[in-house]
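Note that UniProt numbering has the sequence shown beginning at 1, numbered continuously upward. No residue lacks a Cβ here, since even glycine has one placed at the ideal position from N, Cα and C. To start, the structure under review is shown below, and the notes come after it.
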Amino acid sequence: MIPLLPFAAGVITGAVAVRLLKTDRTRKTLHQAGDRLRDATVSSLEGIENTSARARRRLARAEAAKAADGDSVIDADAEKPDGPAS
């Protein structure tokens, strides 16, 4: 008898959930939540794009400055001494 109680509770809960999902109010609320989530995702992705574009510009400026000095960014890193700084 006891194993039937969780089964019956699950069936009742499922039936109530299906009835709630069929109502217009619930659909409207779920649709609004999806729209908000989509807007937040787009906003976050735009922020990431802006940040990476700024970082790309900084790196390009640093590389251009090194090239103007006659050194390559890669060569400058390779010429650093291996010993500890004193």
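Residue i to residue j span [Cα, whole Å]
| i | j | result |
| --- | --- | --- |
| Arg19 | Asp35 | 23 Å |
| Leu30 | Thr23 | 11 Å |
| Arg54 | Ala8 | 58 Å |
| Asp39 | Lys28 | 16 Å |
| Pro3 | Val11 | 13 Å |
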